[in-house]
Structure formats: structure tokens, C-alpha cells
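Notes for the one structure printed next.
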């Protein structure tokens, strides 16, 4: 019951808008640079394919259920998982896991808090922390850790470290590490494409008036040039409102579209090369992100197995966190039961292909059984 000590009424979350892990000790993930959190946030905002890949990973990781060793408490545990408040707007343990995994992939680590209500001896809710204002430092033992919460007044130790849950990728390195340099080039190409369309795609005209000296137009060239410019501007302005006006001029007047003889640079090859680097880093098949580089592209069984192993890896990181939360809830009920996480099966294969594989396996087992029975009769 250590979770509910030291407080007389509802405890305020310690990690509201807080929580980043890092320490110079080798046994703990290295603390990232202070600008990395904002950098990765801006990267997801600027490059939609990166944000889409992370959201795909979170959804493909799938659902789960906490299984209690005491069947009489299973209904209470299920109710807790479905209704526990998460932050100000969320509800359910699945919502907490999605936010936790989002922070884990984006920043390389994630932290949350079990908010307790000691007066009622229960868990009031869960809170996802902001990974920029918590430092993890070694504790008394080699595997103990303490949490220091940063604020304007400095750093202070978390008063209830037993309520904090934490996980990190290897070394505390973000999944997006290495992508800012690639994304900078990609965004520069997109910016140049926009500028080229402003220059060439948005048609602009050059109107040239050449007065003839022998006809007397040369003496009034300035006045006629101003008249031509005024009439041309009036015709262009009327086109914005759906009106069509003819432009009539006297003399040698030439009209050309500016940039019409130039061609836009083909950016398919460099953009695809950069996107391939991003996709390779995020381990998501291109067609799941809308990148149809082949008309017959589909996920092979080998690709499905590789993606499944990636998702299983993220599940292994989440399992201890979810188990710790479940254990805390059972502890609040006064039970010493244990719980485990049962994940939904990942199925990325074609259903028809799986059915055919099951049929062939069944036929193979039937043939083996016949051969064994025939061998017994012969003996």
C-alpha cells in the first residue's frame, strides 16, 4: 500500500506538463539536447509522412487486455482499464498506452504518473508527462533510479517516485534521430517547387509597345504606353471576377507569357530517394503511407514478418509499464494478485493466404497420420 502513503486528500499530478528522462551515467539513457524535443515536434509538423508513420505504428501495435491471476478480480480490472481517466480529456488504459508510445517514439523516452487519491484508497487517474522537465539519476543501488522534476525554481526530487512509470528506447534515442538532415533537404526541394510555380505556374505577362518613329507615334509613346498599361490592368482585374474583356491596342504591341519557355525541374528522383531514407528509418511499408511507387505493390510475407517483429519490439517496451499500472490497481484493492498483458494477435497477412496455408497444414497432418497408421498395420 506504499502507493497511498503521505497524502490526506487527492494528490495533484506531479508530472503535469513534465517528464523527460536522461542522465550522464552510463547505466541510464543519455540526456538529449534541450532543443531536440521542439525539433522533433516541428519535424512531425513539417513532414506529414513522418507523423503518419508514427500514427500507423501506434495503431498497428494493437490492443491489449490485462489478465488478473485472481479471476474474481478480473471484472474490476477490466472496468478500471476501460474507464480510468487519462489527463484532462482521455479515458481508458489504451489511451494512456497510445500517448505513452507516441512520446516514446518521438522523443526516445516516455514518462507517466499514477495519480492516487489516498482518502478513497484508489487510483484517481493516469497522466502522460511531458518529457522535457524530468531527469533520471541513479539511486542508492545500481538498478535504482530517482526522478528530478525541473521547474523555474530549479530541480527537486519527485515526492512519490513509486507512482511514476518510465520507459526508453535503447540509449534514449528518438526514432526520428537522423531525419532532420534528410527532412531539411526535402523541405528545401518543396520550397523550390513552390517558388517555381509562383514564377512559371502563375502566368504573368510582358506587354511590349514599340512606337514607330516615321508615323509620329514616337512623340506620344509615353501617353500611349500608359493607356496600354491601364487597359491591360483593367482586363486582368476583370478576369478575377469572371468577366472577359478584349484588349485592343494600336501599333506594334507584343504580349508574351513570362517563363513560358522554361521547364520545371523534375524532382521525382531526389524526392523519392529522400522518402526512401525516411521510410527505411521508420520501418513502415511505403504503400501504407500512400507512396505508391509500384502499380502492383503489396506486402509480401517477408515484409509482414519484419513489420510484425518491429511491432512486437514496441509491445515489449510497453508491457512492463502496463503491468506496473495493473499491479498498482490490484494493490489499491488490497490484493496481492498479479497481472499480465495479453496482446491482440497481429495479423498483417492476407486472409485468403492464411486460410490456404491452414488448409495445406491440415492436409499435411492428415497425410502424416495415414502414413503412421499404415506403418503400424505393417508392423
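In the working numbering, the protein residues as written are 1474 to 1852. Glycine included, each C-beta is placed from N, C-alpha and C at the ideal position.
- For residue 1783, the closest C-alpha among the options 1701, 1623, 1758 and 1670 is that of 1758.
- Looking at the DSSP output, residue 1729 bridges to 1679.
- Look at residue 1791 here: in three-state DSSP terms it is helix.
- Proximity of the segment 1537-1556 to the segment 1803-1822 meets the contact definition, three or more beta-carbon pairs being nearer than 8 Å.
- Listed in chain order, the alpha helix (DSSP H) runs fully inside the segment 1522-1608 are 1547-1556 and 1566-1580, counting runs of at least 4 residues.
- The segment 1655-1664 and the segment 1701-1712 do not touch, with fewer than three beta-carbon pairs separated by less than 8 Å.
- In this structure, the beta-carbon distance from residue 1573 to residue 1559 does not fall below 7 Å.
- When DSSP states are grouped into helix, strand and coil, residue 1512 belongs to the helix group.
- Straight across, the Cα-Cα distance linking residue 1533 with residue 1578 is about 14 Å.
- The segment 1579-1599 and the segment 1509-1522 touch, with three or more beta-carbon pairs separated by less than 8 Å.
- Judged by pairs of C-beta atoms under 8 Å, the segment 1549-1556 does not touch the segment 1833-1846, as fewer than three such pairs exist.
- When only Cα atoms are considered, residue 1571 and residue 1606 end up about 21 Å apart.
- For residue 1678 against residue 1731, the beta-carbon gap comes to about 7 Å, under 8 Å, which counts as contact.
- When C-alpha distances from residue 1525 are compared across 1842, 1761 and 1848, the shortest belongs to 1761.
- Just measuring C-alpha positions, the residue of 1603, 1752, 1631 and 1794 sitting nearest residue 1529 is 1752.
- By the neighbour-count criterion, in which 16 or more other beta carbons inside 10 Å mark a residue as buried, residue 1787 falls on the buried side.
- When rounded, the separation of the alpha-carbon atoms in residue 1549 and residue 1632 is 29 Å.
- Residue pairing by DSSP places residue 1611 opposite 1618 in a beta bridge.
- DSSP places residue 1631 outside both helix and strand once states are collapsed to three, so it counts as coil.
- Between residue 1584 and residue 1602 a beta carbon distance of about 4 Å is seen, short of the 8 Å cut, so the two are scored as contacting.
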